[in-house]
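**Q** Mind looking over this structure? Questions follow.
There are 2 protein chains.
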Amino acid sequence: MATAIDRVGRLPQREETRRKILASAAQVFSEKGFYRSVVDDIVKASGTSKGAVYFYFDSKEQIFMSLVEEYAATVAQELQIAVQRSRGLVAQVEATVATLVRNFQAHRELAKIVLVDWPAAGADFQGKRIALKAMLVEVLRGYLDRAVQDGKIPAQDTEMAAYVWIGAVGEIVARWLSTGKPNPLEEVLAPLTRLLLSSVGLAASPAAAR
Amino acid sequence: MATAIDRVGRLPQREETRRKILASAAQVFSEKGFYRSVVDDIVKASGTSKGAVYFYFDSKEQIFMSLVEEYAATVAQELQIAVQRSRGLVAQVEATVATLVRNFQAHRELAKIVLVDWPAAGADFQGKRIALKAMLVEVLRGYLDRAVQDGKIPAQDTEMAAYVWIGAVGEIVARWLSTGKPNPLEEVLAPLTRLLLSSVGLAASPAAAR
DNA sequence: GGGGGAAGACTGACCAGTCAGTCTCAAGGG
DNA sequence: CCCTTGAGACTGACTGGTCAGTCTTCCCCC
């Protein structure tokens, strides 16, 4: 909308303030969790004002949701690209794990919000959480099913396997977020990938990848 | 403590009220989560009074903690017994998964509190959470290490494997808690056990157990 | 009649969200 | 050119509701 006034006009300013608010919100939420965070914390951290916050967002809850949605969208996109680029189960799992782990590592605050701090109560929160997970599950399940069809791995409950994988990766990253171990997180890439592959019945042949 | 006055005196009464409060708290917390739950909800649900609640507990937070601690203690105990009773990795994994899954199934409310609603923020909550997980990890890690020593499974990062397993089981139960699938939850027992075993390199030989 | 246990009205801090107003800047008019 | 107007962006003091925790009172058993 109205990109005509961009030159030196309104829009850039608008986006800048909104961005500052979201960035500060990520920081504050990841530090204190949703309920212990106070809108005035975000106001202070962002160097704006309460009015500005409520100019851009309807509610504290909506700030949180926007944060999660925008982050989830980028992760989903990265993941899709990484998986499409890879051929074969091994490469796809490697790509998935690496993408997720690297992304969480690069966006610690957002990772903490999504993996640890996410408020459980409230239908909105809960619904979004389930939806996001389902989306992830679909990606994993897709290539697991293909591997089954190709006879690469035995037939099995691929949906359950996908949930198991998500739980596994989530737990490993959550541990890193709250204890700092292992440092760097990337150490887990190889063993975790091996573990996941072997869980669905793909024995780890030392030089299988690529 | 003070079992001397039990006959027909105070203690039973005392315990009864306290128990009612805790039971109602479990219900309320699992429904709304910690922060959206209001102490008056617990008062109403328990049919007691605010005075009674604050007679037995110092704070809302402490009610929550007591709930989690008492539940965790019983789960830990059951788990310890189940594992000690089993010989060999397969039987131990079976026992662990079955114990956890059955327990969560039998105490849906508490399971939801522990697995889904546990408030992330706040050092107190967080610390206890990490400690409980570490305890669980120790049990799993213990028998994984023994299996490695016995040459049953290849050498590997058993601590990471333990976290992966916990994440996996947690995720499966969490899915059941929020979506109701699968019904009954026990359907996952066999495939989940197989998955976990094979993840650490123990190929599922159809008649391996017992 | 004394004391432990329970009731529930009450208090005060806290905080999400509002609103009346200010500031900035662009456009139109003289 | 300068002045007015108006609209959009932003400010921050304020409000109204909420809720954890307290306090007084009462009851019941000894």
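Here the protein sequences come in this chain order: A and B. Take any residue in the first sequence, note its place counting from 1, add 880, and you have its number in this note's numbering. Take any residue in the second sequence, note its place counting from 1, add 880, and you have its number in this note's numbering. Virtual Cβ for every residue (Gly too), placed ideally from N, Cα, C.
(1) Just list the alpha helix (DSSP H) runs in the stretch 884-954 of chain A, keeping only unbroken ones of 4 residues or longer that don't cross its boundaries, in chain order.
(2) Anything in chain B within Cβ reach of A/Asp-1037, meaning under 7 Å, just list it in chain order.
(3) Short check: CB of B/Leu-1075 to CB of A/Gln-1036, under 9 Å?
(4) Report, in whole angstroms, the separation of the C-beta atoms of A/Thr-1073 and A/Val-963, which I expect to be a contact under 8 Å.
(5) Under 9 Å between C-beta atoms, does A/Pro-1064 make it to chain B?
(6) Exposed or buried, which one is A/Gly-931 when buried takes at least 16 other CB atoms within 10 Å?
(7) Please name the residue in B/Arg-982, B/Phe-937, B/Gln-972 and B/Leu-1082 whose C-alpha comes closest to that of B/Val-955.
(8) In whole angstroms, what is the alpha-carbon distance linking A/Glu-989 and A/Ala-1070?
(9) Give me the chain B residues within the contact set of A/Ala-978, using Cβ-Cβ distance strictly less than 8 Å, ordered along the chain.
(10) How many Å lie between A/Gly-1002 and A/Ser-946 at the Cα?
(11) Note down the Cα distance separating B/Gln-907 from A/Pro-1064, rounded to an integer number of angstroms.
(12) Based on Cα-Cα distance, which residue from A/Lys-900, A/Lys-912 and A/Met-1040 lies nearest to B/Glu-1067?
(13) As a quick exercise: from B/Leu-1082, B/Val-1017 and B/Tyr-1043, pick the residue whose alpha carbon is nearest that of B/Ala-1027.
(14) For B/Gly-1047, count the other beta carbons within 10 Å of its own beta carbon; 16 or more makes it buried, fewer makes it exposed. Which is it?
(15) I'd like to know whether the C-beta of A/Gln-907 is nearer than 9 Å to at least one C-beta of chain B.
(16) Could you tell me the alpha carbon to alpha carbon distance between B/Gln-985 and B/Ala-975, rounded to whole angstroms?
(17) Under 9 Å, do A/Tyr-951 and A/Val-994 count as touching if we go by C-beta distance?
(18) Let me make sure I understand the geometry here. Which of B/Val-918, B/Ala-1054 and B/Ser-926 has the alpha-carbon closest to that of A/Ile-1010?
(19) Once DSSP output is grouped into helix, strand and coil, what is the label at A/Arg-1055?
(20) How would you call A/Glu-1051, buried or exposed, if buried means at least 16 neighbouring beta carbons within 10 angstroms?
(21) May I have the straight-line CA-CA distance separating B/Arg-899 from B/Thr-979, to the nearest angstrom?
(22) Within its chain, find whatever has a CB closer than 7 Å to the CB of A/Val-1097; leave out the 5 residues flanking it on each side and keep chain order.
(23) Can you have a look at A/Gln-960 and say buried or exposed, based on whether 16 or more other CB atoms are within 10 angstroms of its CB?
(24) Counting contacts by CB-CB distance shorter than 9 Å, is B/Ser-1079 in contact with chain A?
(25) Classify A/Gly-1060: buried if its beta carbon has 16 or more other beta carbons within 10 angstroms, exposed otherwise.
**A** Per the coordinate set shown:
(1) 890-912, 919-926 and 930-936
(2) Pro-1071
(3) yes
(4) Wrong, their Cβ atoms sit about 14 Å apart, outside the cutoff.
(5) no
(6) exposed
(7) B/Arg-982
(8) 24 Å
(9) Within 8 Å Cβ-Cβ: nothing; A/Ala-978 doesn't reach chain B, min ~16 Å.
(10) 16 Å
(11) 40 Å
(12) A/Met-1040
(13) B/Leu-1082
(14) buried
(15) no
(16) 15 Å
(17) yes
(18) B/Ala-1054
(19) helix
(20) buried
(21) 24 Å
(22) Because chain A spans 881 through 1090 in this model, residue 1097 of chain A falls outside it and cannot be assessed.
(23) exposed
(24) yes
(25) exposed
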